[in-house]
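Numbering (mature numbering (1 follows the signal peptide of the UniProt record, and there is no 0)), first residue to last: -23 to -1, 1 to 216. Note that the Cβ used here is the ideal one computed from N, Cα and C, for glycine as well.
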């Protein structure tokens, strides 16, 4: 569910997206805009469906502990304090706690996201993510990618419109093409129609449309995980 804030040795991007790594402490408070405040943990079942696995809770087996350290270190290196990926109690946020329940999947999942993230420039990758989010309505994704999309260069007004299912005229032709194909793919049941494919390909070229498809598919994977787990907003995100 992510895209790169900053590449780590060229590739470290996780299903969330682009900008620089910040230096403040991971435990420092973050504040969400009012639209997130109705997404509090009291309105979701994430901690019940998949309770936090942390060293402090002493509920990690050996394989899970290895992946916990990997995910905690990797997400901190990629995102710094741009978004919350771990609460002060050590519980991993977003899709990362769920990944601990299938430890053999954790690193391959991250590697997939890293590989996909470099196929588009950050603002285009975020356009794909926002297109998917306009359909899947993932709580954590909306929180994280509102921040990350703005860090990638989209304006707050553009992000709000795109999350609402409308592509503003102020975005670039490529951002528009990526967004529209992502929305179409997220909604489509069956083959993508020829007109939509050709319209996107005319703007993006073959490499661009492949990047848009891969980014959309990667974030659909993350969206399914997050919605299935009814993953909450981090408790450390202030309203």
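What three-state label does DSSP hand residue 63 in the structure shown?
Correct three-state label for residue 63: strand.
Rounding to the nearest angstrom, what Cα-Cα distance links residue 162 and residue 144 in this structure?
C-alpha separation (whole angstroms): 15 Å.
Counted within 10 angstroms of its Cβ, other Cβ atoms place residue 26 as buried (16 or more) or exposed:
Residue burial annotation: residue 26 is exposed, with fewer than 16 other C-beta atoms found within 10 angstroms of its C-beta.
According to the Cβ coordinates, are residue 68 and residue 31 closer than 8 Å?
The answer is yes: Cβ separation under 8 Å.
Quick check: residue 39 and residue 49, are their CB atoms within less than 8 Å of each other?
No, they are not a contact pair.
Spatial neighbours of residue 108 within its chain, please: C-beta separation below 6 Å, excluding the five flanking residues on both sides.
Excluding residues within five positions, the ones whose Cβ falls inside 6 Å are 156, 159, 160.
Is it the case that the stretch 52 to 63 contacts the stretch 182 to 189, given that we only count it when at least three CB pairs across the two stretches are under 8 Å?
With a cut-off of 8 Å, the stretch 52 to 63 and the stretch 182 to 189 do not count as touching, because too few Cβ pairs lie within range.
Residue range of the alpha helix (DSSP H) that includes residue 72:
In this chain, residue 72 is not harboured by any alpha helix (DSSP H), its DSSP state being neither H nor E.
Cβ distance (whole Å) where residue 103 is taken to contact residue 126 below 8 Å:
Confirmed, about 4 Å.
Length-filtered (3 minimum) beta strand (DSSP E) runs lying within the stretch 66 to 131
Taking only runs of at least 3 residues, no beta strand (DSSP E) segment lies wholly in the stretch 66 to 131.
Closest Cα partner of residue 46 within the set 212, 73, 199:
The candidate whose alpha carbon is nearest that of residue 46 is 73.
Selection from 66, 81, 58, 24 that minimises the alpha carbon distance to residue 41
Relative to residue 41, the option among 66, 81, 58, 24 whose CA is nearest is 81.
Cβ-Cβ separation, residue 105 to residue 193 (assumed contact under 8 Å), whole Å
Yes, residue 193 and residue 105 are in contact; Cβ-Cβ is about 5 Å, under 8 Å.
Is the Cβ-Cβ distance between residue 260 and residue 177 less than 8 Å?
Because the chain in this structure spans residues -23 to 216, residue 260 falls outside the shown range and cannot be described.
Could you please give the first and the last residue of the uninterrupted alpha helix (DSSP H) stretch that includes residue 217?
Look at the range of the chain in this structure, -23 to 216, and you will see that residue 217 is not part of it.
When burial is assigned at 16 or more other CB atoms within 10 Å of the CB, is residue 205 buried or exposed?
Looking at its Cβ environment, which holds fewer than 16 other Cβ atoms inside 10 Å, residue 205 is exposed.
If we call anything under 8 Å between Cβ atoms a contact, is residue 117 one with residue 44?
No, the Cβ-Cβ distance between residue 117 and residue 44 is not below 8 Å.
Use the C-beta contact count for residue 100: other C-beta atoms within 10 angstroms, 16 or more gives buried, fewer gives exposed.
Within 10 angstroms of the beta-carbon of residue 100 lie 16 or more other beta-carbons, which makes it buried.
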